[in-house]
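Counting with our numbering, you get residues 17 to 266 for the letters of the sequence shown.
Okay, structure first, notes after.
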Amino acid sequence: DDIVADMRDQLVNDLVAEHIPPKSYSEQWDVEGLDKELEQLFGRTFPVADWAKQEGVADTEIIEKLTEATGDYAARRASDIGPEVMRRIEKSILLHVLDTNWREHLQMLDHLRSVVWMRGHAQRDPVNEFKTEAFALFEALIDGLRRDVTRMLMHVQVQRPEESAPAPRSPSRMVESHIDPQTGENEMAAAGGPTQRLRRGASAGIGTMSGYTRAKGVNVEDPSTWGRVPRNAPCPCGSGQKYKHCHGAI
Numbered sequence: 017d018d019i020v021a022d023m024r025d026q027l028v029n030d031l032v033a034e035h036i037p038p039k040s041y042s043e044q045w046d047v048e049g050l051d052k053e054l055e056q057l058f059g060r061t062f063p064v065a066d067w068a069k070q071e072g073v074a075d076t077e078i079i080e081k082l083t084e085a086t087g088d089y090a091a092r093r094a095s096d097i098g099p100e101v102m103r104r105i106e107k108s109i110l111l112h113v114l115d116t117n118w119r120e121h122l123q124m125l126d127h128l129r130s131v132v133w134m135r136g137h138a139q140r141d142p143v144n145e146f147k148t149e150a151f152a153l154f155e156a157l158i159d160g161l162r163r164d165v166t167r168m169l170m171h172v173q174v175q176r177p178e179e180s181a182p183a184p185r186s187p188s189r190m191v192e193s194h195i196d197p198q199t200g201e202n203e204m205a206a207a208g209g210p211t212q213r214l215r216r217g218a219s220a221g222i223g224t225m226s227g228y229t230r231a232k233g234v235n236v237e238d239p240s241t242w243g244r245v246p247r248n249a250p251c252p253c254g255s256g257q258k259y260k261h262c263h264g265a266i
């Protein structure tokens, strides 16, 4: 959190110094350019133009006001997202930006090494040239880190799950059963529940059914709806005979 805040505050200082140079006249201030950069980085505007119109205001006062305003805005975003979630986001973005920008920085240094020797043809010391430009690249790296981290944190959106969404239903408890084909009783019910009896459907004329067939969807006149019937189970047609001696013998 402190690292991110320091980067944001230093970025504000750099932006104000770029558009409102120290000890410059108000006529020389680029307030519009500062507004545009702030909107790109923070995703919102700040009353910089109103501050700049105040009599006797200096760049240091604008820095102070802008630092406070951006800090308050960042704090509100962290509160809306959630402090713990925001800390994890900050860490993730810091590592991502640092890794990406550092790789690009190393590539630029390699390119600089490959071309700096040509400076000798212009009577310039390649070593000093490399040191000067490498330092400039490093400053650009730091500035890029501040800008990228601040911009990404100020624009990140966290999608929350719908509070009204129903909780997932727990899977139904499966109960083992074994139906005695002779009595129609559930032999496993004695271990933890009442005995279940499959009775003949009065309207359908279905006889005592085994546990291997389902009463729902069974047509006594259509054997294709009976499913797998054990050979020693009562025939689903309701004849009272065992399946192997009735339709199972066909």
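All residues carry an ideal CB built from backbone N, CA and C; glycine is no exception.
Lys147 is not bridged by DSSP to any residue. Only buried fits Leu31, as 16 or more other CB atoms lie within 10 angstroms of its CB. When the alpha-carbon of Ala68 is set against those of Thr241, Asp51 and Gln26, the nearest one is in Asp51. Rounded to whole angstroms, Gly136 and Asp126 show a C-alpha spacing of 18 Å. In the assembly as shown, Leu122 is an exposed residue. Its beta-carbon has fewer than 16 other beta-carbons within 10 Å. Using a Cβ distance threshold of 8 Å, Asp17 and Glu106 count as a contacting pair. Asp75 is classed as buried because its beta carbon has at least 16 other beta carbons within 10 Å across all chains shown. Secondary structure at Lys39: coil, using DSSP grouped into helix, strand and coil. Burial check for Met134: the Cβ neighbour count within 10 Å stays below 16, so the residue is exposed. When the beta-carbon positions are compared, Asn117 and Leu157 come within less than 8 Å of each other. Taking 8 Å as the upper bound for CB-CB distance, Ile79 and Val165 are not in contact here, some 19 Å apart.
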